[in-house]
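Take a look at the structure set out below.
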Amino acid sequence: MSDSHPEHFSHHVRRYLFVFYALLFGTLITVGASYIPFGHRAMNIGVALVIATGKAFLVAGYFMHLISERKMIYGILAFTAFFFVGLMALTIWSFSNFPWHTTTH
Amino acid sequence: MDIPYTVQPRPDTGLYNAKVGIWLFLASEVMLFGALFSTYILLRVGAPEGLWPHGWLNVPIGTCNTIVLITSSITTVMAWASCKMNQFGRFKVFHACTILLALTFVGIKSYEYRDKFMHYEVTLADGRIADGHMVENKLTFADNKWTGYAMIKGHYVEDRKELYDLKAAKSHPHEELRIEGSQIKKLDNYGPWHNTYTAIYFTLTGLHALHVIGGAIVIGFLWGPGSKMWKTDPERFTNRIEISGLFWHFVDLVWIFLFPVLYLL
Numbered sequence: 000m001s002d003s004h005p006e007h008f009s010h011h012v013r014r015y016l017f018v019f020y021a022l023l024f025g026t027l028i029t030v031g032a033s034y035i036p037f038g039h040r041a042m043n044i045g046v047a048l049v050i051a052t053g054k055a056f057l058v059a060g061y062f063m064h065l066i067s068e069r070k071m072i073y074g075i076l077a078f079t080a081f082f083f084v085g086l087m088a089l090t091i092w093s094f095s096n097f098p099w100h101t102t103t104h
Numbered sequence: 000m001d002i003p004y005t006v007q008p009r010p011d012t013g014l015y016n017a018k019v020g021i022w023l024f025l026a027s028e029v030m031l032f033g034a035l036f037s038t039y040i041l042l043r044v045g046a047p048e049g050l051w052p053h054g055w056l057n058v059p060i061g062t063c064n065t066i067v068l069i070t071s072s073i074t075t076v077m078a079w080a081s082c083k084m085n086q087f088g089r090f091k092v093f094h095a096c097t098i099l100l101a102l103t104f105v106g107i108k109s110y111e112y113r114d115k116f117m118h119y120e121v122t123l124a125d126g127r128i129a130d131g132h133m134v135e136n137k138l139t140f141a142d143n144k145w146t147g148y149a150m151i152k153g154h155y156v157e158d159r160k161e162l163y164d165l166k167a168a169k170s171h172p173h174e175e176l177r178i179e180g181s182q183i184k185k186l187d188n189y190g191p192w193h194n195t196y197t198a199i200y201f202t203l204t205g206l207h208a209l210h211v212i213g214g215a216i217v218i219g220f221l222w223g224p225g226s227k228m229w230k231t232d233p234e235r236f237t238n239r240i241e242i243s244g245l246f247w248h249f250v251d252l253v254w255i256f257l258f259p260v261l262y263l264l
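Going down the list, the sequences are from chains H and Y. Mapped onto numbering that gives the first Met the number 0, the consecutive letters of the first sequence carry residue numbers 0 to 104. Mapped onto numbering that gives the first Met the number 0, the consecutive letters of the second sequence carry residue numbers 0 to 264.
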């Protein structure tokens, strides 16, 4: 964040507080939604992950200032996102040839 | 010799060096936790039907810890904003809150871990399973057999599967059970060795807790002896607060995914 004028920070502080309340609300929604039977457990997982992604966007975007960062940081994160998505895609792809019931309980 | 670009941005990146450094570090952290999340997915998908635990963790306690961590995030960003607004006193207050909240998080997590280490599953010779918290342990193991006795506050089940989905299972009345050592076929607590769920639970939350402790140590240093820099080089000090804050927010971000995945789903 390049803006360092003290007078601008009262505006930023209000935004941080709004994000904080949104995160608290998101947490309560996540817990509440987990008790609602959406028909299939996969649906509950999807809803929880969508809410978690929204909360993560707020933390990364506003608390970590990614909403207004330099290109260099976006470049680093683009590489990270590529490899992270690749890792998850490989994980999901592996389901098609999974050695079922081989995990120990 | 002065370290270059601790305050002024480098002309080519447009950023001071520590900021590039922390984001490269956080990128590696994303892959570290990503690998463990991938492990979690594979373990969960590969679990036999009905043998992936649900409802093993205390949701109100987990929710409370989530709120603690979110609150520590706002105090962290407010501490940095206070430095930017030239209000060192407010910075001290906000970061004192961050440190206290970090300690609260670790304290609550330790309580949860203790609960799991006190929780036992005992397979008896007659095929029944006693499940509950150890009240008194007078057992000794020698020559491949148990002697003595244990008092467990819990209940008996006929099938292990009854222990897996606690969300759906009807609640059993808990009572004190006296287990004779001679009856015990197998005994273990809900530590990381119990099954693949507890293994990944302890790995993910343990690694996350180490990050919380590490972050708290750095923030504690910057709040205490490290804050002397405010008098000599306030801009550089403010940048240090920003860097430690970025790490702290990342720790919060990881927990945002860990909480629903481990506690709720």
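Ideal Cβ placement from N, Cα and C applies to all residues, glycine included. Fair warning: this is a prediction, and the values are worked out from it, not measured in the lab.
Euclidean distance between Cα positions of residue i and residue j
i, j, result
"threonine 79 of chain H", "phenylalanine 93 of chain Y", "31 Å"
"glycine 219 of chain Y", "tryptophan 51 of chain Y", "39 Å"
"leucine 35 of chain Y", "threonine 231 of chain Y", "42 Å"
"lysine 108 of chain Y", "glycine 205 of chain Y", "9 Å"
"arginine 69 of chain H", "methionine 84 of chain Y", "22 Å"
"valine 19 of chain Y", "isoleucine 151 of chain Y", "54 Å"
"glycine 213 of chain Y", "leucine 102 of chain Y", "11 Å"
"proline 37 of chain Y", "valine 211 of chain Y", "Proline is not the amino acid found at residue 37 of chain Y; the sequence shown has serine there. Distance between the alpha carbons of serine 37 of chain Y and valine 211 of chain Y is about 22 Å."
"glycine 53 of chain H", "glycine 45 of chain H", "12 Å"
"glycine 61 of chain Y", "tyrosine 15 of chain Y", "37 Å"
"cysteine 63 of chain Y", "aspartate 11 of chain Y", "44 Å"
"glycine 25 of chain H", "glutamate 234 of chain Y", "35 Å"
"threonine 139 of chain Y", "tyrosine 148 of chain Y", "8 Å"
"valine 49 of chain H", "leucine 23 of chain Y", "26 Å"
"glutamate 157 of chain Y", "lysine 185 of chain Y", "15 Å"
"aspartate 2 of chain H", "histidine 207 of chain Y", "The predicted position of aspartate 2 of chain H is uncertain, since its pLDDT is 49 and thus under 50; a value taken from the coordinates is nonetheless stated next. Cα-Cα distance, rounded: 32 Å."
"leucine 99 of chain Y", "glutamate 120 of chain Y", "35 Å"
"valine 67 of chain Y", "alanine 198 of chain Y", "25 Å"
Cutoff 8 Å: residue i Cβ touching any chain H Cβ
i, result
"leucine 176 of chain Y", "no"
"phenylalanine 256 of chain Y", "yes"
"leucine 252 of chain Y", "yes"
"glycine 33 of chain Y", "yes"
"methionine 84 of chain Y", "yes"
"tyrosine 4 of chain Y", "no"
"alanine 101 of chain Y", "no"
"leucine 203 of chain Y", "no"
"histidine 207 of chain Y", "no"
"valine 211 of chain Y", "no"
"methionine 30 of chain Y", "yes"
"valine 121 of chain Y", "no"
"serine 243 of chain Y", "no"
"aspartate 173 of chain Y", "Sequence inspection shows histidine at residue 173 of chain Y; the aspartate mentioned does not correspond to that position. Not one chain H Cβ lies under 8 Å of histidine 173 of chain Y."
"alanine 141 of chain Y", "no"
"alanine 215 of chain Y", "no"
Residue i at chain Y interface by Cβ criterion, 8 Å
i, result
"serine 33 of chain H", "yes"
"alanine 55 of chain H", "yes"
"methionine 63 of chain H", "yes"
"histidine 11 of chain H", "yes"
7 Å Cβ cut-off: residues of chain H touching residue i
i, result
"glycine 13 of chain Y", "Arg69 and Met71"
"isoleucine 40 of chain Y", "Thr90"
"tryptophan 22 of chain Y", "Ile72 and Ile75"
"serine 37 of chain Y", "Leu86, Met87 and Thr90"
"valine 19 of chain Y", "Met71"
Closer than 8 Å at the beta carbon, the chain H residues around residue i
i, result
"methionine 133 of chain Y", "Near methionine 133 of chain Y there are no residues of chain H at all, since even the closest Cβ is about 22 Å away, more than 8 Å."
"proline 259 of chain Y", "Thr29, Ser33, Ala47, Leu48, Ile50 and Ala51"
"tryptophan 222 of chain Y", "Chain H residues near tryptophan 222 of chain Y: none, gap ~19 Å exceeds 8 Å."
"isoleucine 69 of chain Y", "Phe19, Leu22, Leu23 and Thr26"
"histidine 248 of chain Y", "Val58, Ala59, Phe62 and Met63"
"alanine 26 of chain Y", "Ile75, Leu76, Phe78 and Thr79"
Chain Y residues whose Cβ lies nearer than 7 Å to that of residue i
i, result
"alanine 59 of chain H", "Leu252"
"asparagine 43 of chain H", "Leu264"
"phenylalanine 107 of chain H", "For chain H, the structure presents residues 0 to 104; residue 107 of chain H sits outside this window and is missing."
Span of the beta strand (DSSP E) around residue i
i, result
"tryptophan 51 of chain Y", "That residue, tryptophan 51 of chain Y, is in no beta strand (DSSP E); it is neither H nor E in DSSP."
"glycine 153 of chain Y", "148 to 156"
"tyrosine 23 of chain Y", "At residue 23 of chain Y the sequence reads leucine, which differs from the tyrosine that was named. Taken as a continuous stretch (DSSP letters only), leucine 23 of chain Y belongs to no beta strand (DSSP E), being part of the alpha helix (DSSP H) at 16 to 45."
"tyrosine 119 of chain Y", "118 to 123"
"valine 134 of chain Y", "128 to 136"
"asparagine 284 of chain Y", "With chain Y covering 0 to 264 only, the question about residue 284 of chain Y has no answer from this structure."
"threonine 265 of chain Y", "The shown model of chain Y, from 0 to 264, leaves out residue 265 of chain Y, and the question about it has no answer."
For residue i, the first and last residue of its enclosing alpha helix (DSSP H)
i, result
"lysine 160 of chain Y", "It is not in any alpha helix (DSSP H) - lysine 160 of chain Y carries neither H nor E in the DSSP assignment."
"lysine 230 of chain Y", "228 to 231"
"alanine 215 of chain Y", "195 to 222"
"methionine 84 of chain Y", "No alpha helix (DSSP H) holds methionine 84 of chain Y; DSSP gives it neither H nor E."
"arginine 177 of chain Y", "It is not in any alpha helix (DSSP H) - arginine 177 of chain Y instead sits in the beta strand (DSSP E) that spans 174 to 179."
Contact test: residue i Cβ vs the ligand FMN heavy atom, cutoff 7 Å
i, result
"arginine 40 of chain H", "In the structure on display, the ligand FMN does not appear, and there are no ligands present to speak of."
8 Å Cβ cut-off: residues of chain Y touching residue i
i, result
"phenylalanine 8 of chain H", "Ala80, Lys83 and Met84"
Contacting positions in the stretch 55 to 67 of chain Y - beta carbon closer than 8 Å to chain H: Val58, Thr62, Thr65 and Ile66
So if I threshold CB-CB distances at 7 Å, which residues from the stretch 71 to 96 of chain Y count as touching chain H? Ser72, Ile73, Val76, Met77, Ala80, Lys83, Met84 and Asn85
Near-chain Y residues of the stretch 70 to 92 of chain H - C-beta to any C-beta below 9 Å: Lys70, Met71, Ile72, Ile75, Leu76, Phe78, Thr79, Ala80, Phe82, Phe83, Leu86, Met87, Leu89, Thr90 and Ile91
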